[in-house]
Every structure is written in structure tokens, then in C-alpha cells.
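Visitor:
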Ligand SMILES: Cc1cc2nc3c(=O)[nH]c(=O)nc-3n(C[C@H](O)[C@H](O)[C@H](O)COP(=O)(O)O)c2cc1C
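In full-length UniProt numbering, the protein residues as written are 1 to 544.
1. Just the Cα atoms here: how many angstroms apart are residue 35 and residue 58?
2. Within the chosen definition, does the segment 352-360 reach the segment 326-342 through at least 3 CB pairs nearer than 8 Å?
3. Could you compute how far the alpha carbon of residue 514 sits from the alpha carbon of residue 508?
4. Count the other CB atoms, across all protein chains shown, that sit within 10 Å of the CB of residue 190; report buried if there are 16 or more and exposed otherwise.
5. Along the alpha helix (DSSP H) that carries residue 40, what are the first and last residues, could you check?
6. Report the option in 153, 465, 290, 226 whose CA atom is closest to the CA atom of residue 188.
7. Anyone know if the C-beta pair for residue 275 and residue 207 falls short of 8 Å?
8. Grab the span of the beta strand (DSSP E) containing residue 483 for me, first residue to last.
9. Ligand 1 heavy atoms versus the CB of residue 545: any closer than 7 Å?
10. So if DSSP puts residue 151 in a beta bridge, which residue, or which two residues, is it bridged to?
11. My output table needs one value for residue 293: the three-state DSSP class, helix, strand or coil.
12. Quick one: any contact between the segment 453-465 and the segment 383-403, if contact means 3 or more CB pairs under 8 Å?
13. Below 8 Å on the Cβ atoms is my guess for residue 283 versus residue 522; work out the distance and round it to an integer in Å.
14. Assuming residue 181 contacts residue 168 under a Cβ cut-off of 8 Å, what Cβ separation, rounded to an integer in Å, is found between them?
15. Quick one: using the 10 Å Cβ neighbour count with 16 as the cut-off for buried, is residue 214 buried or exposed?
16. Within this structure, are the beta carbons of residue 553 and residue 464 separated by less than 8 Å?
17. Which whole-angstrom value is the C-beta distance of residue 223 and residue 294, which I expect to be below 8 Å?
18. Can you tell me where the beta strand (DSSP E) with residue 490 in it begins and where it stops?
19. Of all Cβ atoms in chain D, is any one closer than 8 Å to the Cβ of residue 316?
20. Which term fits residue 608, buried or exposed, when burial requires 16 or more other beta carbons within 10 angstroms of its beta carbon?
21. With hydrogens ignored, establish whether the beta-carbon of residue 306 is closer than 7 Å to any heavy atom of ligand 1.
22. Taking the alpha carbon of residue 231 as the point to measure from, which residue in 366, 195, 278 has its own alpha carbon closest?
23. Using a threshold of 7 Å, is the CB atom of residue 254 nearer than that to any non-hydrogen atom of ligand 1?
24. Would you mind reading off the limits of the beta strand (DSSP E) that contains residue 334?
25. Ligand 1 heavy atoms versus the CB of residue 349: any closer than 7 Å?
26. Helix, strand or coil, according to DSSP, for residue 174 in the structure here?
27. Hey, could you find the ends of the alpha helix (DSSP H) residue 92 is sitting in?
28. Are the beta-carbon atoms belonging to residue 299 and residue 228 less than 8 Å from one another?
29. Mark residue 117 as exposed unless 16 or more other C-beta atoms lie within 10 angstroms of its C-beta, in which case mark it buried.
30. What residues in its chain sit with their C-beta under 7 Å from that of residue 449, if we drop five residues either side in the sequence?
31. According to the neighbour-count rule (16 or more other Cβ atoms, all chains shown, within 10 Å of its Cβ), is residue 436 buried or exposed?
32. Can you give me the Cβ contacts of residue 504 inside the same chain, cut-off strictly under 7 Å, excluding the 5 residues immediately before and after it?
33. Assign residue 38 to buried or exposed, taking buried as 16 or more other Cβ atoms, counted over all protein chains shown, within 10 Å of its Cβ.
34. With C-beta atoms as the reference, is residue 303 less than 8 Å away from residue 363?
35. Should residue 110 be labelled buried (16 or more other beta-carbon atoms within 10 Å of its own) or exposed?
36. Could you have a look at residue 452 and say whether DSSP puts it in helix, strand or coil?
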């Protein structure tokens with residue numbers, strides 16, 4: 001009994017005080033206290049929530065703190081370097097660069113340079129006096145009629161739907177002002193993508209939004225019409241994204257407004273799912289044929305593939321299909337498992353998909369090892385937000401990088417992590433016009449462009465310090481990584497970097513021998529039983 005009184009102390013005290021207030025004639029105070037008593041009785045009798053059933057009214061305090069937790073953590077508890085997914089330092093850097101505020105740091109690094117995750121770029125005694133502050137990369141091999149000159153930093157795929165109309169407008173305006181590209185994401189081409197004339201990469205996922213027939217299959221005519229927009233400079237087939245590989249796309253019902261439904265050609269106010277896989281192809285060879293078809297239908301614009309690497313034989317299967325068909329996509333974007341999303345199952349975000357460094361090195365090795373890196377450009381995405389992010393991925397083999405969340409931050413995102421609920425406080429991911437009111441595209445577009453320019457300047461500083469003019473001169477051995485408290489190694493001693501053509505000439509001499517043997521141009525399934533093959537193989541390094 002005493003235990004029960006303890007647990008129900010709030011409504012009991014409220015009842016006693018209500019009685020006293022009534023006797024004193026304080027009717028309003030008594031009514032207020034009686035409301036607490038009523039709440040206590042409700043909590044005690046309800047059957048859904050154990051905590052409030054056992055601790056009437058008091059149990060609600062837990063909910064209150066549960067709600068406040070993200071804010072308390074972000075504003076009070078979190079230190080500068082350890083917030084996730086983006087630390088306070090990272091968010092602050094993007095915000096400062098976007099707003100044109102000072103982005104220099106006083107008093108030296110706050111990082112623990114003895115920690116295992118620490119890595120650095122080796123600078124030169126002879127720095128480059130005149131680095132290229134806006135390097136470009138030509139995308140488009142000899143099968144492409146209309147090559148595109150890309151910046152080394154671009155806006156990664158994010159759909160209208162996942163983003164608000166004003167966010168799409170702001171990003172596109174930023175792309176226009178800063179001369180970089182804006183990937184539409186898989187949600188189709190919206191009018192907001194076309195308003196400011198920034199360069200677009202039109203992404204097609206397995207839902208073929210913007211180019212689908214009534215059954216959700218690829219519609220060549222619609223694709224041709226949309227790809228003909230001048231602003232569409234390249235097209236891209238989305239195979240997967242790091243935050244939810246193999247899941248397809250998901251736009252929660254709360255965000256599927258009438259307008260989004262119209263653009264995507266799906267029912268409004270229902271979850272909008274892209275299937276897990278594509279219906280337009282099911283083998284590596286068919287994938288290449290589909291890419292070639294898209295390039296033809298778009299009148300020769302570069303076509304690319306975006307994926308997060310999963311099973312290692314699959315990129316090799318794609319390479320074999322390229323070699324067998326003679327069809328080379330113009331670019332491949334490798335997305336890391338650490339990449340962002342509007343909404344995804346936690347297990348997929350946390351535990352499925354290769355992180356960027358490993359995925360990038362594997363794809364770089366597949367292309368270089370097959371001797372086709374000159375035909376297929378390589379891009380990287382996954383938590384790139386700074387000059388260092390650009391420099392290190394380019395050193396590992398990327399021609400350019402894409403960033404999604406960093407550009408969201410640049411147009412006002414505060415990492416409230418409400419993208420999936422439609423209640424984003426900054427209007428970046430909310431379809432609610434009231435919330436979008438805070439995001440003024442003209443102001444935020446300027447910021448996206450400024451963030452881009454300042455980040456390239458920061459990268460150029462690193463490149464110049466290493467003694468180079470162009471980031472492409474950075475190599476894996478310029479990047480050092482701590483591997484233990486007393487040990488650090490250059491990246492080319494941590495990961496394997498294959499020499500040109502070795503996969504065609506002597507694949508068995510590489511660490512990828514089994515994966516290469518398992519890869520087939522006519523199927524994504526392995527062509528050999530990998531279990532005995534790997535059990536029999538000697539000297540398989542830990543990295544694979
Ligand atoms: C809000 C949001 C929406 C996204 N939508 C798409 C999409 O439609 N298609 C896609 O390929 N990737 C999508 N992504 C993934 C990004 O394009 C990118 O691959 C990933 O976030 C890695 O970049 P980041 O780490 O710089 O955010 C989305 C990411 C976010 C944050």
C-alpha cells in the first residue's frame with residue numbers, strides 16, 4: 001500500500017490540495033488540481049502504458065524528458081567533436097561557410113592525434129603557390145555525344161518530396177550560382193528543379209518516377225521528353241544508396257502530398273515505395289544495355305550508375321558486362337554505408353552496405369584493374385562536408401564528390417532529424433508551407449553556393465600544402481592513417497591499390513581472385529561456389 005501511495009504521490013497530493021483550495025474558496029486553483037487528479041485516475045486505469053499505469057502522472061515526466069532529449073543533447077550535452085551523424089564542429093563549419101562567417105579555428109586542433117581514427121595528409125616542403133581553386137572534371141567517354149564539365153563537389157541525390165519545394169529551389173539556385181550540379185534524386189523532375197536553371201543530374205530509381213507507365217515500368221517516351229530539358233546535363237540509374245541498400249525508396253505517407261503524387265504518378269497520402277530492384281534489367285549485361293538506351297534517349301548525355309557496394313563480386317560482374325558488351329557508362333557514384341536518407345529502416349542504415357572508403361577503393365580497383373578507368377569516371381558520396389573530405393576521397397581514386405546532408409545544412413538544416421515525419425523545424429524536409437516559410441530560397445541559395453566555394457578553397461589549401469595544383473595529383477600514399485597508438489601507415493599500405501589492367505591479365509595474382517572468378521556478365525549471382533573457393537585460397541588478406 002505504501003508503495004502504491006509513493007507511486008501515485010502526485011495525484012494524491014493534488015487531491016489533498018484541491019480539497020484545501022475548495023475549503024479556502026480558491027475555485028480555479030481547485031479545478032486545476034482536480035484536472036491533475038483526473039489525469040492520475042486516467043493513467044492508473046488505462047491499459048496501454050505500463051509506466052503511467054504504475055506511476056500515474058509522474059510517468060509522464062519521463063515522456064517529457066524523452067521529447068526534450070534531442071534538444072538537451074544537441075544544445076547542452078554534446079561535445080564539439082562527437083555528435084552524430086554530424087558533429088557540432090562539422091555543422092558549425094558548414095553553417096559558418098554558408099553564411100560567409102569566419103571559418104578559421106583558434107589555438108590548434110581539438111582532435112586527439114593519437115586516436116585510431118586520426119588521419120592526415122602529408123604536406124610538402126615545397127607547397128604549390130597557385131592551386132586550382134575550382135577544378136573541373138570532364139564526364140563523358142567516347143560513347144557520349146554531350147560530355148559535361150563537373151565540379152569536384154556537387155549536390156547528391158535528394159528528391160522533391162524528401163526535400164521541400166523551397167529547399168529544392170534553394171539548392172538549385174546555389175548550383176546555378178556556384179556552377180556545380182544538383183542531383184534530382186529518384187523522385188522525378190519537379191518544376192522547382194527547373195526554376196533557376198542550375199545543372200541537373202536526373203536520377204532514375206526503380207520507381208522510374210517521371211518516366212514510368214501506368215504499371216510503374218520504364219517509359220522510354222516520357223524519359224526522352226524529360227531528359228530533353230536543357231538543365232538536365234546527365235542522367236543516373238540508382239541501384240542503391242548507402243543508408244538503405246536493397247530497400248528501394250520510401251517516402252512516408254505524411255509527405256506524399258497531391259502535388260508530389262502528381263509528379264511521381266502515384267496515389268497521394270500513401271507510403272510511396274520504389275521496388276527493391278529494377279524491372280528494366282535483371283543481369284549486368286542488361287544493365288549496361290539499359291544505360292546505353294538512356295544515353296541514346298537523352299540524345300547523348302552522359303549516363304551514370306549510383307550504388308553502395310555490397311557483395312564484392314557484383315562490381316566485378318558489372319565490369320565484365322562492360323567488357324563483354326563494349327558499353328561503358330560515363331560515371332559511377334559509390335555511396336558509403338554511412339550516407340544519409342530521408343527515411344530508412346535502422347538496421348539497414350546501421351548494418352548493411354560497405355562504408356565509403358572500402359567501397360571506393362574496391363570500385364577504383366575494379367575500374368583500374370580492368371583498364372577502363374579512363375572511360376568511366378568515379379564519384380564518391382558519404383559524409384563529405386569539408387575540404388579534407390574532398391581531398392581524401394580524391395586521393396583514394398574519386399574524380400569528384402557529392403554531398404547531401406552538408407548541402408542541407410548549408411540551406412538551414414539543423415540536424416533535427418525529423419525528415420521522416422514532415423515536421424522539420426527549418427522547412428528543409430517539410431511539405432508544410434508554414435514551415436517552409438522560414439526557408440527563403442534566394443537567401444539560402446546564396447548560402448549553398450558560398451558553402452561550395454569555401455569548401456573548394458579549403459580543399460585547394462590542402463592540395464597546395466601537399467605541393468600540387470590539382471586534387472587529382474593526390475595519391476593514396478599522401479594519406480596517412482593511424483593504425484594503433486604507436487603506429488601510422490600510408491593508405492596504400494593499408495588498402496591494396498591494383499595496377500592498371502591486372503584483372504584482365506593476371507586476376508589470380510590479386511586479392512580479388514575469387515570475387516573476379518565468381519563474377520559473371522550474365523548474372524549477379526556468383527558463378528562459382530564461393531565457400532570452398534575461399535576456404536581453399538591461401539593468403540587472403542584480412543581486408544577482403
Ligand atoms: C533527405 C535525403 C534524401 C535522399 N534521397 C535520395 C534519393 O532520392 N536518391 C538517392 O540516390 N539518394 C538519396 N539520398 C542519399 C544521398 O544522395 C547520398 O547518397 C547520401 O546521403 C550520402 O551523402 P551525405 O552523407 O553527404 O548525406 C538522400 C539523402 C537524404 C539525406
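Virtual Cβ for every residue (Gly too), placed ideally from N, Cα, C.
These numbers come from a predicted model, not from an experiment.
Guide: Answer, in terms of the structure:
1. In the chain shown, the residue the question calls residue 35 occupies position 35. In the chain shown, the residue the question calls residue 58 occupies position 58. Answer to the nearest angstrom: the Cα atoms are 14 Å apart.
2. yes
3. Taking the first residue of the chain shown as 1, we reach residue 514 at position 514. Taking the first residue of the chain shown as 1, we reach residue 508 at position 508. For residue 514 and residue 508, the distance between alpha carbons rounds to 8 Å.
4. Here residue 190 is taken as the residue at index 190 of the chain shown, counted from 1. Its Cβ being crowded by 16 or more others within 10 Å, residue 190 is buried.
5. Numbered from 1 along the chain shown, position 40 holds the residue referred to as residue 40. 27-45 is the extent of the alpha helix (DSSP H) around residue 40.
6. Start at 1 with the first residue of the chain shown, and residue 188 comes out as number 188. Out of 153, 465, 290, 226, the CA that lies nearest to the CA of residue 188 is found in 226.
7. For this step, residue 275 is matched to residue 275 along the chain shown. For this step, residue 207 is matched to residue 207 along the chain shown. Cβ atoms of residue 275 and residue 207: closer than 8 Å.
8. The count along the chain shown starts at 1 and reaches residue 483 at position 483. Counting along the chain, the beta strand (DSSP E) containing residue 483 begins and ends at 479-484.
9. Outside the modelled stretch of the chain, which goes from 1 to 544, sits residue 545, for which no answer is possible.
10. Sequence index remark: in the chain shown, residue 151 carries index 151 (1-based). Note: residue 151 sits in a beta bridge opposite 136.
11. Taking the chain shown and counting its residues from 1, one reaches residue 293 at position 293. Three-state result, residue 293: helix.
12. yes
13. Position 283 of the chain shown, counted from the start, is the residue given in the question as residue 283. Position 522 of the chain shown, counted from the start, is the residue given in the question as residue 522. That pair is a contact at about 5 Å.
14. Here residue 181 refers to the residue found at position 181 when the chain shown is read from its first residue. Here residue 168 refers to the residue found at position 168 when the chain shown is read from its first residue. In this structure, residue 181 and residue 168 do not form a Cβ contact; the two beta carbons are roughly 14 Å apart against a cut-off of 8 Å.
15. As a working note, residue 214 is residue 214 in the chain shown. By the neighbour-count rule (16 or more Cβ atoms within 10 Å), residue 214 is not buried but exposed.
16. Examination of residue 553 is not possible in this model, given that the chain is present from 1 through 544 alone.
17. Indexing the chain shown from 1 puts residue 223 at position 223. Indexing the chain shown from 1 puts residue 294 at position 294. About 7 Å separates the two Cβ atoms, so the contact holds.
18. Reading the chain shown from its first residue, position 490 is the one you call residue 490. Looking at the DSSP string, the run of the beta strand (DSSP E) that includes residue 490 is 487-490.
19. The structure shown contains no chain D; it is built from a single protein chain.
20. No answer is possible for residue 608: it lies beyond the span of the chain, which begins at 1 and ends at 544.
21. As a working note, residue 306 is residue 306 in the chain shown. Correct: residue 306 has its Cβ closer than 7 Å to ligand 1.
22. Here residue 231 is taken as the residue at index 231 of the chain shown, counted from 1. The residue with the shortest Cα to Cα distance from residue 231 is 195.
23. On the chain shown, residue 254 is found 254 positions in, with the first residue counted as 1. No.
24. Residue 334 sits at position 334 when you count from the first residue of the chain shown. 331-335 is the span of the beta strand (DSSP E), which, as asked, contains residue 334.
25. The residue labelled residue 349 in the question sits at position 349 within the chain shown. Result no, Cβ not under 7 Å from ligand 1.
26. The sequence position of residue 174 within the chain shown is 174, counting from 1. Looking at residue 174 - three-state DSSP - the assignment turns out to be helix.
27. For the purposes of this step, residue 92 is taken as the residue at position 92 of the chain shown. 88-99 is the span of the alpha helix (DSSP H), which, as asked, contains residue 92.
28. The residue given as residue 299 occupies position 299 in the chain shown. The residue given as residue 228 occupies position 228 in the chain shown. It is a contact, given that the beta carbons lie within the stated cut-off.
29. Reading the chain shown from its first residue, position 117 is the one you call residue 117. Label assigned to residue 117: exposed.
30. On the chain shown, position 449 is the one that residue 449 refers to. Around residue 449: 174, 177, 178.
31. As a working note, residue 436 is residue 436 in the chain shown. Buried, because 16 or more other Cβ atoms sit within 10 Å of the Cβ of residue 436.
32. As a working mapping, residue 504 is identified with position 504 in the chain shown. Correct list, in chain order: 370, 371.
33. Along the chain shown, read from residue 1 onward, the residue named residue 38 stands at position 38. So residue 38 counts as exposed.
34. As a first step, residue 303 must be located in the chain shown, where it is residue number 303. As a first step, residue 363 must be located in the chain shown, where it is residue number 363. No, Cβ-Cβ distance for residue 303 and residue 363 is not below 8 Å.
35. Here residue 110 refers to the residue found at position 110 of the chain shown. Label assigned to residue 110: exposed.
36. The count along the chain shown starts at 1 and reaches residue 452 at position 452. Note: residue 452 maps to helix in three-state DSSP.
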